[in-house]
Amino acid sequence: MSDSPVAIVTGGAQGIGAAICIELLKKGYRVCVADIQELKAEEFARDQQKMYGEGNVTAIRCDVSKESDYSTFLPCPEMPAYVASKHGIVALTRSFGP
59 MSDSPVAIVT GGAQGIGAAI CIELLKKGYR VCVADIQELK AEEFARDQQK
109 MYGEGNVTAI RCDVSKESDY STFLPCPEMP AYVASKHGIV ALTRSFGP
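Residue numbers (the numbering used here): 59 to 156.
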């Protein structure tokens, strides 16, 4: 696995989240696009894979709008294991919610 840093970007399929993904990719990060809109996340990831390589961008469906999700450490309990299986050790800062 690469020594490049890994970022998980919630809401990463479009808008500001997508812009953040692109900037992180430009800086050498490997990025996991986490978004409730699974098809958009996958399409965005595929488009970025063409420029930055398949192993550098992945997508995962994640709904961070549910209050019940805030009671857990992460909005999607499977996300760290999924990203770690693709990229290795990962750190996540979440900056959303009420």
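Just so it is clear, CB atoms sit at the ideal spot from N, CA and C, and this is done for glycine as well. Predicted model only: the values in this text are computed from it and were never measured.
Quiz prompt | From Lys144, Gly146, Glu81 and Ala103, residue whose alpha carbon lies closest to that of Asp93 | solution = What you label residue 93 is simply residue 35 of the sequence shown in a count that begins at 1. Out of Lys144, Gly146, Glu81 and Ala103, Ala103 has the C-alpha closest to the C-alpha of Asp93.
Self-check item: Unbroken alpha helix (DSSP H) run spanning Ala77, endpoints
Solution: To locate residue 77, count along the sequence shown from 1; it is residue 19. From DSSP, the alpha helix (DSSP H) with Ala77 extends over Gly73 to Lys84.
Self-check item: Enclosing beta strand (DSSP E) for Asp93 [first to last residue]
Solution: For the purposes of this step, residue 93 is identified with residue 35 of the sequence shown, where counting begins at 1. First-last of the beta strand (DSSP E) with Asp93: Arg88 to Asp93.
Practice problem: Over the uninterrupted beta strand (DSSP E) stretch that includes Val115, give me the two end residues. | Solution: Counting from 1 along the sequence shown, the entry for residue 115 is found at position 57. For Val115, the enclosing beta strand (DSSP E) stretches over residues Val115 to Arg119.
Quiz item: Straight-line CA distance for Gly70 to Cys79?
Solution: Locating residue 70 in the sequence shown gives position 12, where the first residue counts as 1. Locating residue 79 in the sequence shown gives position 21, where the first residue counts as 1. For Gly70 and Cys79, the distance between alpha carbons rounds to 6 Å.
Self-check item: Alpha-carbon to alpha-carbon, Ala117 and Gln107
Solution: Locating residue 107 in the sequence shown gives position 49, where the first residue counts as 1. Locating residue 117 in the sequence shown gives position 59, where the first residue counts as 1. Whole-angstrom Cα-Cα distance: 11 Å.
Practice problem: Sort Cys90, Asp61 and Leu83 by Cα distance to Ala139 and report the nearest one. | Solution: As a first step, residue 139 is located in the sequence shown; it is residue number 81 there, counting from the start. Nearest of Cys90, Asp61 and Leu83 to Ala139, Cα basis: Cys90.
Quiz item: Using the C-alpha atoms, what's the distance from Ala77 back to Ser62?
Solution: Locating residue 62 in the sequence shown gives position 4, where the first residue counts as 1. Locating residue 77 in the sequence shown gives position 19, where the first residue counts as 1. The straight-line gap from Cα to Cα measures roughly 19 Å.
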